[in-house]
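Position 35 (the sequence shown) corresponds to 37 in the numbering used here; numbering is contiguous.
Think of the CB as a built atom: it goes at the ideal place given N, C-alpha and C, for glycine as much as any other residue.
Written below as structure tokens is the structure these notes are about.
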Amino acid sequence: MWALLSGYGLKQPLLSLAIFSIVVTVFMTIRMGLLDGEAIPYWRLRYLAYWGWLGREIVKSNIAVLKIVLSPVIDIKPVVTRTPVSLKDDVARATLANSYTLTPGTVTMEIEEGGFILHGLDESFCGQEGFRIFERKVKSATGEGSE
Numbered sequence: 003m004w005a006l007l008s009g010y011g012l013k014q015p016l017l018s019l020a021i022f023s024i025v026v027t028v029f030m031t032i033r034m035g036l037l038d039g040e041a042i043p044y045w046r047l048r049y050l051a052y053w054g055w056l057g058r059e060i061v062k063s064n065i066a067v068l069k070i071v072l073s074p075v076i077d078i079k080p081v082v083t084r085t086p087v088s089l090k091d092d093v094a095r096a097t098l099a100n101s102y103t104l105t106p107g108t109v110t111m112e113i114e115e116g117g118f119i120l121h122g123l124d125e126s127f128c129g130q131e132g133f134r135i136f137e138r139k140v141k142s143a144t145g146e147g148s149e
């Protein structure tokens, strides 16, 4: 961010040194044992795969919202629904809530003990089957239930 705002841009030497410093920092942190399961519990390739999947879902949701916005006749049915959530881990629940909110047209309004209260731009955005897919993906990424 500094490189872009300072006027230097992403010149080759600056970019190379930035990448080198990141690599050295990560290497030293691993060697010092600071990246244990307690400090970063979700340091897994599964989480990276989840982020890729979430990125695709965000793009698909953007397209769906764009179609609604550009339609000459806006025919939406906003909905607020309560849905049960089986995730127990706080980080997994927060990941699910944030992921659902990141997808355009949907918002997690409240996280309750037994589930979430969700808002959708249209009732098709808050389908239970779609939410269950999100929940399964988060469960897989965080490893909940496998430990």
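**Sequence-distant residues of its chain with Cβ nearer than 6 Å to Val140 (five each side left out)** = By 1-based counting over the sequence shown, the position of residue 140 is 138. Contacts found: Ala94, Thr97 and Leu98.
**Request:** Grab the span of the beta strand (DSSP E) containing Pro86 for me, first residue to last.
**Result:** Residue mapping note: residue 86 aligns to position 84 of the sequence shown, counting from 1. Going by DSSP, Pro86 is part of the beta strand (DSSP E) stretching over Val81 to Pro86.
**Message:** Extract the residue ranges of the alpha helix (DSSP H) inside the region 40-78, only unbroken runs of 4 or more that lie entirely within it.
**Reply:** Counting only unbroken stretches of 4 or more residues, the alpha helix (DSSP H) elements lying wholly within the region 40-78 are 47-72, in sequence order.
**Request:** Closer than 8 Å by C-beta to Gly116: which residues in its own chain qualify, once you throw out the five before and the five after it? Chain order, please.
**Result:** Against the sequence shown, residue 116 aligns to sequence position 114. Around Gly116: Pro86 and Val87.
**Asked** Glu131: buried (16+ other C-beta within 10 angstroms of its C-beta) or exposed?
**Response** Counted from its first residue, the sequence shown places residue 131 at position 129. Flag for Glu131 reads exposed.
**Asked** Where does Glu112 fall in DSSP's three states?
**Response** Taking the first residue of the sequence shown as position 1, residue 112 is located at position 110. Assignment of Glu112 by DSSP, reduced to helix, strand and coil, places it in the strand class.
**Beta-carbon proximity check, Glu146 vs Lys90, cutoff 8 Å** = For the purposes of this step, residue 146 is taken as the residue at position 144 of the sequence shown. For the purposes of this step, residue 90 is taken as the residue at position 88 of the sequence shown. When the beta-carbon positions are compared, Glu146 and Lys90 come within less than 8 Å of each other.
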